[in-house]
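Structure first, commentary second.
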Amino acid sequence: MQAMHHAPALSTPAPFGERLRHWRQRRRLSQLDLAHAAEVSTRHLSCVETGRASPSRDMVLRLAHRLDVPLRERNALLVAAGYAPMYRERPLDAPEMADARAAVQRILDCHEPWPALAMDRHWNLLMANRIVPLLLSRVDAQLLQPPVNVLRLSLHPGGLAPRIANLAQWRAHLLERLRQQIHESSDPVLAALLQELQAYPLPPASPPLPGEHLGVLMPFEFRTSAGTLQLVSTTTVFGSPVDVTLQELALETFFPADDASAAALRALAAA
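Each residue of the sequence shown is one higher than the one before, counting from 74 in our numbering.
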């Protein structure tokens, strides 16, 4: 696997032109490509990137849209250009997010007796249905101290890793998702998390389980007190959010891959 070279993180203040060039290069677009997509002249775009011209608020939003910049970074682009942020960011536990939080919890609860959880952009556990804690026995207590990081919980030797039968396949899947997030966001917290996870002991090589569909489904074989569960996992995100928190929220849902696993999960939920 090729090493990925990360551009400098944009969490520190940077001029608008530098930020814009960063996102254009990450999307592998030339100035001509972006100018054509955003319906501006290449000359003007060049002047904006070098700081010789200031963009209008409309242009900032148009460029950000064409570059598919995450809402959090669209706010940063607006601020760097001298404008107020456009997209709200409120913690999921804020009073004004009660309706959204209730909707997410309902989705998780309706997924029972199959496990389901919700994570923030750093893979920290925010919400879960009641099945998830039932699968966390024998996990090192330190890994369950808030904030609980789902990737660390999965891959740490003191976490779920010893009970994941297809750990090599599952690890490769999670790390590839994390690399993709880093590529899309340039988030330094995620980059540090990737380094930490890569330092964990490598699992023994083993043949991958069948049923993997890249970007859609991933098989997951997990040993529990109720028996070995054959599961598949899939990830869901909100389609058209106008809130930074909701855009960054991901729901991880698991489904039984066979009748025995379905029966085991039903028994576990009923116990």
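Note that the Cβ used here is the ideal one computed from N, Cα and C, for glycine as well.
Under the DSSP assignment, F89 falls in the alpha helix (DSSP H) whose first and last residues are F89 to R99. Excluding sequence positions up to five before and after R174, its CB lies within less than 8 Å of the CB of L165, D166 and M200, all in the same chain and listed in chain order. In terms of Cα proximity to L290, the closest of V223, P277, S298 and S306 is S306. In the DSSP secondary-structure assignment, T326 is bridged to A189 and T307. With a cut-off of 8 Å on Cβ pairs, the stretch 214-227 is in contact with the stretch 266-273, counting three or more such pairs. L107 and R97 do touch by the CB rule: their CB atoms are close to 5 Å apart, below 8 Å.
With contacts defined as CB atoms closer than 8 Å, A337 and L302 qualify as a contacting pair. Of the candidates V152, L144 and D172, the residue whose Cα lies closest to the Cα of R161 is L144. Annotation: the continuous beta strand (DSSP E) that includes R296 extends over M291 to T297.
For L181, the enclosing alpha helix (DSSP H) starts and ends at A171 to C183.
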